[in-house]
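> Please see the structure below; I have some questions.
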DNA sequence: TCGTTATGATACGGTTACGTTCTATAGATT
DNA sequence: AATCTATAGAACGTAACCGTATCATAACGA
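This is the structure we're talking about:
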């Protein structure tokens, strides 16, 4: 009998976790990875520093946990629609995320962190690879069905479409207006038939 | 008479500058912007800390000076050749830079720094905008001359091409093999005629 | 050679942050 | 109500690093 009557979970624990993680994410967005300070997180969360160390062993663990939150968004539904419509839907979603969201705010910190710590790097690259898969599959299917021109390479096309959106955010300081996604697809893929 | 016989310039000054800036750039690549430490730069350069402060007023000034070095590369010659060839030349150059160079090493730090400090942000965005101009102009000319398909928007096409290269570096951890630039152009622009 | 000056080393006070430990308290469970 | 436990807050020793100052040295120009 596996000690069934364990004590119920204290709600204070989960509550602390949430408050601290939210503060950590805000800190990452504002301060970045390199100057990230646990004491600032504690102050921002209105929490004792010791509470943070009760939940995570050290700074890196907290940072990793905070970054993990970024990847809890609902992906757009790709069940039905023409390939071109689905493509537009998914890219509009990406553009909106990159334009304005906790993800967008933390993106530079995430990139920087991935460069400095190998665990965060694995995390970052693995997640990005997963996130790209549906898009690449969609484009590949579109090419196969003749909806997209045969000139395309699915992976390169995905890189180009995503790249355009991310490049603007990171290198020009502008955001990619989700409304312009149609024009982007026209440019890279071709106009709708 | 403007005091002509000024003392000749002490070569130690320029020598210190170079050694320190090189060390600062290496530090930015390794440590990043947030945790950048002048004392580490001094140690790395084999230089007294006071020497650094004799040349730059503070940490930010040194960082800015170091980043400025990144933008002293020779751009590829665009004097002659078919539009497609010129495009390939310029993108191969970009891909090589992003794949392996001080610029590539410091790129995450630069992006992070641009996010945290407004002066560095202006610097980063201005330079990037300047660097994009020839590419956009080239594509626009190619469209006008009929060498590139009319479907294209010059700015979006430039974003896509550059974006693909940068996206790979920053989000996938892989580099974009300069040899694959031809395939990238085929995908976004179309095969050569 | 001789005065000049940039330098490396060292020390300084001040600040910040790490990660640990303690205590009284407020909030849980039973 | 009685008990348990997670918490906030403070203090701690340690370490790093800021920007400044001092000083003997060595490289420089003249």
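Residue numbers (the working numbering), protein chains in the order written: chain A, 1 to 193; chain B, 1001 to 1193.
C-beta: ideal position from N, C-alpha, C; glycine also.
Note that the structure is a prediction, hence the values are computed from the model and not measured.
Verify the CB distance criterion: does residue 1188 of chain B have a CB-CB separation below 8 Å to chain A?
Residue 1188 of chain B counts as touching chain A.
> Does the stretch 1093-1105 of chain B come into contact with the stretch 1165-1183 of chain B, if we say contact requires no fewer than three beta-carbon pairs (one atom in each stretch) closer than 8 Å?
Yes, the stretch 1093-1105 of chain B touches the stretch 1165-1183 of chain B.
> Go through its chain and collect everything with a Cβ distance to residue 24 of chain A's Cβ below 6 Å, but skip five positions before and after it.
Cβ neighbours of residue 24 of chain A beyond the five flanking positions: 41, 62, 66.
> With residue 124 of chain A and residue 131 of chain A assumed to form a contact (beta carbons below 8 Å), what rounded beta-carbon distance in angstroms separates them?
So it is not a contact: roughly 11 Å between Cβ atoms.
> What is the C-beta distance between residue 1112 of chain B and residue 109 of chain A, in whole angstroms, given that I count them as a contact (C-beta under 8 Å)?
Residue 1112 of chain B to residue 109 of chain A, Cβ: 7 Å. Contact.
> Hey, could you find the ends of the alpha helix (DSSP H) residue 97 of chain A is sitting in?
Element bounds for residue 97 of chain A: 83-99.
> Expressed to the nearest angstrom, what Euclidean distance is found between the alpha-carbon atoms of residue 10 of chain A and residue 48 of chain A?
Going by the C-alpha atoms only, they are around 18 Å apart.
> Does any residue of chain A bring its CB to less than 8 Å from the CB of residue 1092 of chain B?
No, no contact with chain A.
> Closer than 8 Å is the cut-off here; do at least three beta carbon pairs connect the stretch 1156-1166 of chain B with the stretch 152-172 of chain A?
Yes, the stretch 1156-1166 of chain B touches the stretch 152-172 of chain A.
> So with Cβ pairs under 8 Å, would you call residue 31 of chain A a contact of chain B?
Taking Cβ atoms only, chain B reaches closer than 8 Å to residue 31 of chain A, which makes this a yes.
> When Cβ atoms are compared, which residues of the stretch 96-127 of chain A fall closer than 8 Å to chain B?
Answer in chain order: 108, 109, 111, 112, 114, 115, 116, 121, 124, 125.
> Taking just the CA atoms, how far does residue 174 of chain A sit from residue 167 of chain A?
So the two alpha carbons sit approximately 9 Å from each other.
> Quick one: Cα of residue 185 of chain A to Cα of residue 1150 of chain B, how far?
Distance between the alpha carbons of residue 185 of chain A and residue 1150 of chain B is about 14 Å.
> Looking only at its chain, what residues have a beta carbon closer than 7 Å to the beta carbon of residue 16 of chain A, apart from the 5 residues adjacent to it on each side?
Same-chain partners within the cutoff: 47, 51, 55.
> Interface residues of chain A around residue 1153 of chain B at Cβ under 8 Å?
Those are 183, 186, 187, listed as they occur along chain A.
> Is the CB of residue 1159 of chain B under 8 Å away from at least one CB in chain A?
True, the Cβ-Cβ gap to chain A drops below 8 Å.
> Give a yes or no on whether the minimum CB-CB distance between residue 61 of chain A and chain B is below 8 Å.
Answer no: the Cβ-Cβ gap between residue 61 of chain A and chain B never drops below 8 Å.
> Whole angstroms are fine: how far does the CA of residue 75 of chain A sit from the CA of residue 82 of chain A?
Distance between the alpha carbons of residue 82 of chain A and residue 75 of chain A: 17 Å.
> Taking 7 Å as the cut-off, is the C-beta of residue 14 of chain A nearer than that to any heavy atom in the ligand FMN?
As presented, the structure is devoid of all ligands, the ligand FMN included, so that no description of it is given.
> At which residues does the alpha helix (DSSP H) containing residue 116 of chain A begin and terminate?
It spans 102-116 - the alpha helix (DSSP H) in which residue 116 of chain A sits, taken as one unbroken run.
> Which value, in whole angstroms, describes the spacing of the CA atoms of residue 171 of chain A and residue 144 of chain A?
Distance between the alpha carbons of residue 171 of chain A and residue 144 of chain A: 34 Å.
> Run through DSSP, which three-state label would residue 1272 of chain B get?
Since the first residue shown for chain B is 1001 and the last is 1193, residue 1272 of chain B is missing from the structure and cannot be characterised.
> Could you check which residue in A/155, A/129, A/8 has the C-alpha nearest to that of residue 139 of chain A?
Comparing Cα positions, the closest option is A/155.
> Chain A beta carbons: is any one of them nearer than 8 Å to that of residue 1021 of chain B?
By this cut-off, residue 1021 of chain B is not an interface position.
> If we cut at 8 Å on Cβ distances, does residue 1135 of chain B have a partner in chain A?
Chain A, which has no Cβ nearer than 8 Å to the Cβ of residue 1135 of chain B, makes this no.
> Tell me, please, whether the CB atom of residue 44 of chain A is closer than 8 Å to any CB atom in chain B?
Output row for residue 44 of chain A: interface = no.
> With 16 other CB atoms within 10 Å as the buried threshold, where does residue 1080 of chain B fall?
Burial call: exposed.
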